[in-house]
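Enquirer:
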Amino acid sequence: MQKKKTVLDIQKMKADGERIAVLTCYDYPTAAIMDGCGIDMILIGDSVGVVVAGYDNTLPVTMEEMIYHTRAVMRARPNALVVADLPFLSYQVDLASARLNAGRLVKDGGAAAVKIEGGVNVEETIAAITAMDIPVVGHIGLTPQSLHRMGGFKVQGKGAEQAERLMEDARAVERAGAFAVVLEGIPMGLAERITAELSIPTIGIGAGPHCDGQVLVIHDILGLCSKYSPKFVKRYAELSPVIGEAVTSYIADVKGGAFPEERHSFK
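What the sequence shown shows, in the working numbering, is residues 3 to 269, in sequence order.
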């Protein structure tokens, strides 16, 4: 029987040189499948707003939506470490609301940890949440909740000055007590520097091969999201046409009277 993973297990993986596999997940059946495959961490990302709800970005996602999806994932009783995103405006206003909302994702949602976007600017917030004994994953680089400041979804840390700011962000996240940090959309050389300096695991997404682990959006690797196709995504399946074929066949069977047959009916 697979052992339930904890924050300590994830940190030990960095010390042992074992790569950490992370995927996003938003529902019960997908959680059950990926946990059965042995995924290390499941992230209930606010990316659910884009790939499931159809928003243009993650900003409209609410705490209620995040709690709903976290509960759905937790019903699969995953052995993976489950981390849930704190959505926009759930932690930026003040420390009291940040602590309350982090607590809600753990108490009401069932998550084992929360993720927060930002570096130096959220150092105090991370420290306040970890002081409640709620584990925190940081997230620096391309932070989707900051898309308006960044002018869109652009690679961060290309210039020397920006790279040093990201190095300080990484140090601040670790200093505040985060047990891991997501590095998104940064040059691989910078990600390698950060990974080498920090004692906590780095989880890359569009940050090259030198991070301690990698995370991707499940809909991206399955070929289910047609809204965008980032360079850093590797598609492991193309399920959109498969689903389309099934739906087309169903429509044809219903309209042609081929479904339901007697074997699909009760007597």
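Quick reminder that beta carbons are idealized off the backbone N, C-alpha and C, glycines included.
Return helix, strand or coil for V183, following the three-state DSSP convention.
Expert: Against the sequence shown, residue 183 aligns to sequence position 181. If DSSP states are grouped into helix, strand and coil, V183 belongs with the strands.
Enquirer: What is the rounded straight-line gap between the Cα of G258 and the Cα of E247?
Expert: Here residue 258 refers to the residue found at position 256 when the sequence shown is read from its first residue. Here residue 247 refers to the residue found at position 245 when the sequence shown is read from its first residue. Using only the alpha carbons, I get a separation of about 16 Å.
Enquirer: With the cut-off set at 8 Å, would you say V138 and T132 are in Cβ contact?
Expert: Within the sequence shown, the letter at position 136 stands for residue 138. Within the sequence shown, the letter at position 130 stands for residue 132. Yes. Within cutoff.
Enquirer: Mapping the DSSP letters down to three states, classify D2 as helix, strand or coil.
Expert: With the chain represented from 3 up to 269, any question about residue 2 goes unanswered, as that position is not in the structure.
Enquirer: What's the call for Q4, buried or exposed, on a 16-neighbour Cβ count within 10 Å?
Expert: In the sequence shown, counting from the first residue as 1, residue 4 sits at position 2. Answer is exposed; the Cβ neighbour count stays below 16.
Enquirer: Check H212 in the structure and name its three-state DSSP category.
Expert: On the sequence shown, position 210 is the one that residue 212 refers to. Correct three-state label for H212: coil.
Enquirer: Determine, using beta carbons only, whether I136 and A82 come nearer to each other than 8 Å.
Expert: Residue mapping note: residue 136 aligns to position 134 of the sequence shown, counting from 1. Residue mapping note: residue 82 aligns to position 80 of the sequence shown, counting from 1. Not in contact: I136 and A82 (Cβ atoms no closer than 8 Å).
Enquirer: Give me the Cα-Cα distance between A178 and L45, rounded to the nearest whole angstrom.
Expert: Locating residue 178 in the sequence shown gives position 176, counting from the first residue. Locating residue 45 in the sequence shown gives position 43, counting from the first residue. Rounded to the nearest angstrom, the two C-alpha atoms are 21 Å apart.
Enquirer: For the beta strand (DSSP E) that contains G246, what are its first and last residues?
Expert: Here the question's residue 246 lines up with position 244 in the sequence shown. Counting along the chain, G246 falls outside any beta strand (DSSP E), though it belongs to the alpha helix (DSSP H) covering L241 to G258.
Enquirer: Go ahead and pull the three-state DSSP assignment for T26.
Expert: Here residue 26 refers to the residue found at position 24 when the sequence shown is read from its first residue. In this structure, T26 counts as strand in the three-state DSSP scheme.
Enquirer: Determine the closest residue to L61 out of S148, A162 and D171, with distance taken between C-alpha atoms.
Expert: Start at 1 with the first residue of the sequence shown, and residue 61 comes out as number 59. Closest option to L61, Cα to Cα, is S148.
Enquirer: What are the partner residues of I44, as DSSP defines its beta bridges?
Expert: Looking up residue 44 in the sequence shown gives position 42. DSSP, once it has assigned bridges, lists L25 and V84 as partnering I44.
Enquirer: Span of the beta strand (DSSP E) holding A115?
Expert: Against the sequence shown, residue 115 aligns to sequence position 113. Its beta strand (DSSP E) spans residues A115 to K117.
Enquirer: Could you work out which residue in E119, D171, I205 and I202 is closest to P89 when comparing CA atoms only?
Expert: Mapped onto the sequence shown, residue 89 falls at position 87. P89 has its Cα closest to that of E119, out of E119, D171, I205 and I202.
Enquirer: Can you give the Cα-Cα distance for Q94 and A100, rounded to whole angstroms?
Expert: As a position in the sequence shown, residue 94 is number 92, starting the count at 1. As a position in the sequence shown, residue 100 is number 98, starting the count at 1. One C-alpha to the other measures close to 7 Å.
Enquirer: With a CB to CB cut of under 7 Å and the five nearest residues on each side skipped, what residues in its chain are close to E240?
Expert: On the sequence shown, position 238 is the one that residue 240 refers to. Cβ neighbours of E240 beyond the five flanking positions: G225.
Enquirer: Give the straight-line distance between the Cα atoms of M43 and A98, rounded to the nearest whole angstrom.
Expert: For the purposes of this step, residue 43 is identified with residue 41 of the sequence shown, where counting begins at 1. For the purposes of this step, residue 98 is identified with residue 96 of the sequence shown, where counting begins at 1. Between M43 and A98, the C-alpha separation is close to 28 Å.
Enquirer: Looking at the strands, I want to know which residues DSSP matches up with V139.
Expert: Numbered from 1 along the sequence shown, position 137 holds the residue referred to as residue 139. Its beta-bridge partners are K117 and A182.
Enquirer: Count the other C-beta atoms from every protein chain shown that fall within 10 angstroms of the C-beta of D48, then say buried if there are 16 or more, exposed otherwise.
Expert: Counting from one through the sequence shown, the residue named residue 48 turns up at place 46. With 16 or more other Cβ atoms within 10 Å, it is buried.
Enquirer: Which residue's Cα is closest to the Cα of L25: E66, V217 and A78?
Expert: Numbered from its first residue, the sequence shown carries residue 25 at position 23. Here the closest residue by C-alpha is V217.
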